[in-house]
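Trainee: Quick note on our numbering: the sequence shown kicks off at 82 and runs consecutively. Just so you know, even glycine gets a beta-carbon here, dropped at the ideal spot from N, CA and C. These numbers come from a predicted model, not from an experiment. My questions will all concern the structure given below.
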Amino acid sequence: MRSVARREKKRRARAVHTVLPWRQDTPLVLDGLEHLSQQLSYALPECIISQIIISSDRFLGYAWSRYLFVGKRTAMFPSLDAARFRLEDRHISSLIVDMESLTTSRFAALAMLRSHCLSKHGLRTWLLVSHQDPPMKAFLAAAGPFEVLERNQTVQRFRDALLAPPSPETSDCFSPTEWQLLTLLAQGQTLVNAARQLKMPYHRAVYRLRTLLQRAGLPTRQELTQLLHRLSLDVNQ
Numbered sequence: 082m083r084s085v086a087r088r089e090k091k092r093r094a095r096a097v098h099t100v101l102p103w104r105q106d107t108p109l110v111l112d113g114l115e116h117l118s119q120q121l122s123y124a125l126p127e128c129i130i131s132q133i134i135i136s137s138d139r140f141l142g143y144a145w146s147r148y149l150f151v152g153k154r155t156a157m158f159p160s161l162d163a164a165r166f167r168l169e170d171r172h173i174s175s176l177i178v179d180m181e182s183l184t185t186s187r188f189a190a191l192a193m194l195r196s197h198c199l200s201k202h203g204l205r206t207w208l209l210v211s212h213q214d215p216p217m218k219a220f221l222a223a224a225g226p227f228e229v230l231e232r233n234q235t236v237q238r239f240r241d242a243l244l245a246p247p248s249p250e251t252s253d254c255f256s257p258t259e260w261q262l263l264t265l266l267a268q269g270q271t272l273v274n275a276a277r278q279l280k281m282p283y284h285r286a287v288y289r290l291r292t293l294l295q296r297a298g299l300p301t302r303q304e305l306t307q308l309l310h311r312l313s314l315d316v317n318q
């Protein structure tokens, strides 16, 4: 009887010192994790971002957010329409648009970016384009105050390009009249009709078009028409 009583006494003593403390500490660990989650949520409010990425390529977006923009307040949107309500945020300092992944008209996207960037000073805008399309790259560089980058780069080279200071502008972007002329040509208008709608002499329209070809690096008017057609394609339609 005495040996049984002693064993029961040891079991009760061991249970008090080993099991109960763990039962008391478990809620404390969960409370600590919840408190840490709340602190992180308050430290990085969703409403404040400094950089916007426009791309429907989820693989590329994952690589950027995981290895390139760690710690930055970056928001990613699949299209410009989805990010329209955030573009006016005064905290936005950089905008990266993947032109190759846009499913809507890239010419319409350029028009929207052009009007937005020309009215908002201090906003750096990068346009990503394939390295196998030099005419497209030259046209995008002249379409507005944009910095054109090749999207097929290593993460380190891409990071160095984004961290580099803005290069001095060697040439201005298309003027409002030139952009209106390009818009009419992209809509399928002839040069005669475009000059008539712009109330411009035809010889002046021919001179403007010749200047546009030189700045875009295109030898003929036909290649400009083909480029505008590719820019105006809408996958959703």
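Assuming contact is defined by CB atoms lying nearer than 8 Å, are R187 and L312 in contact in what I supplied?
Mentor: In the sequence shown, the residue the question calls residue 187 occupies position 106. In the sequence shown, the residue the question calls residue 312 occupies position 231. Contact: yes.
Trainee: Could you pull out every residue in the same chain whose Cβ sits closer than 7 Å to the Cβ of G298, ignoring the five residues on either side in sequence?
Mentor: In the sequence shown, counting from the first residue as 1, residue 298 sits at position 217. The answer, listed in chain order, is P215, P216 and A219.
Trainee: For A51, which beta-bridge partners are listed by DSSP?
Mentor: As shown, the chain starts at 82 and ends at 318. That puts residue 51 outside it, with no answer to give.
Trainee: Bridge partners of L209, per DSSP?
Mentor: Within the sequence shown, residue 209 is the residue found at index 128, counting from 1. L209 pairs with D179 and L230.
Trainee: Look up Q270 in the DSSP assignment and give the residues it is bridged to.
Mentor: Indexing the sequence shown from 1 puts residue 270 at position 189. Bridge partners of Q270: none, in fact.
Trainee: Quick check: S137 and S196, are their CB atoms within less than 8 Å of each other?
Mentor: Here residue 137 refers to the residue found at position 56 of the sequence shown. Here residue 196 refers to the residue found at position 115 of the sequence shown. It is not a contact, given that the beta carbons lie outside the stated cut-off.
Trainee: In this structure, does DSSP put A190 in helix, strand or coil?
Mentor: Residue numbering aside, residue 190 sits at position 109 when the sequence shown is read from its first letter. Correct three-state label for A190: helix.
Trainee: Nearest by alpha-carbon distance to E169: which of Y143, L149, G203 and A144 is it?
Mentor: Numbered from 1 along the sequence shown, position 88 holds the residue referred to as residue 169. Closest option to E169, Cα to Cα, is G203.
Trainee: Is M217 helix, strand or coil when you go by DSSP?
Mentor: On the sequence shown, position 136 is the one that residue 217 refers to. Helix.
Trainee: Is S211 closer than 8 Å to S174 when the C-beta atoms are compared?
Mentor: Taking the first residue of the sequence shown as 1, we reach residue 174 at position 93. Taking the first residue of the sequence shown as 1, we reach residue 211 at position 130. Not in contact: S174 and S211 (Cβ atoms no closer than 8 Å).
Trainee: Please work out which residues of its chain come closer than 8 Å, Cβ to Cβ, to T292, disregarding the five sequence neighbours upstream and downstream, and give them in chain order.
Mentor: Position 211 of the sequence shown, counted from the first residue, corresponds to residue 292. For T292, where only same-chain residues beyond five positions count, the Cβ hits under 8 Å are E259.
Trainee: Counting along the chain, where does the beta strand (DSSP E) carrying F158 start and finish?
Mentor: What you label residue 158 is simply residue 77 of the sequence shown in a count that begins at 1. T155 to F158 is the span of the beta strand (DSSP E), which, as asked, contains F158.
Trainee: One question on the structure: do C198 and T185 come within less than 8 Å of each other, judged by their Cβ atoms?
Mentor: For this step, residue 198 is matched to residue 117 along the sequence shown. For this step, residue 185 is matched to residue 104 along the sequence shown. No, the pair does not count as a contact, with Cβ atoms beyond the cut-off.
Trainee: When you compare only the Cα positions, how much space is there between A124 and T306?
Mentor: Residue mapping note: residue 124 aligns to position 43 of the sequence shown, counting from 1. Residue mapping note: residue 306 aligns to position 225 of the sequence shown, counting from 1. For A124, the predicted structure reports a pLDDT of 46, less than 50, and the residue's modelled location is therefore unreliable. The matter cannot be settled from this model.
Trainee: Compute the beta-carbon to beta-carbon distance between L290 and L272, rounded to the nearest angstrom, for a pair I have assumed lies under 8 Å.
Mentor: On the sequence shown, residue 290 is found 209 positions in, with the first residue counted as 1. On the sequence shown, residue 272 is found 191 positions in, with the first residue counted as 1. That pair is a contact at about 6 Å.
Trainee: Assuming L194 and I133 are in contact, meaning their beta carbons sit under 8 Å apart, how far apart are those beta carbons, in whole angstroms?
Mentor: Looking up residue 194 in the sequence shown gives position 113. Looking up residue 133 in the sequence shown gives position 52. Contact doesn't hold; Cβ gap of about 11 Å is too wide.
Trainee: Can you give me the C-alpha to C-alpha distance between Q237 and A222, rounded to a whole angstrom?
Mentor: In the sequence shown, the residue the question calls residue 237 occupies position 156. In the sequence shown, the residue the question calls residue 222 occupies position 141. Taking the straight line joining both Cα atoms gives about 23 Å.
Trainee: One question on the structure: do L279 and Q261 come within less than 8 Å of each other, judged by their Cβ atoms?
Mentor: The residue you call residue 279 lines up with position 198 of the sequence shown. The residue you call residue 261 lines up with position 180 of the sequence shown. Yes, the pair counts as a contact, with Cβ atoms nearer than the cut-off.
Trainee: Cβ atoms of F227 and L209: under 8 Å apart, would you say?
Mentor: In the sequence shown, counting from the first residue as 1, residue 209 sits at position 128. In the sequence shown, counting from the first residue as 1, residue 227 sits at position 146. Not a contact, by the Cβ cut-off of 8 Å.
Trainee: Could you spell out the range, first to last residue, of the alpha helix (DSSP H) harbouring E304?
Mentor: For this step, residue 304 is matched to residue 223 along the sequence shown. Where E304 is concerned, the enclosing alpha helix (DSSP H) stretches over R302 to S313.
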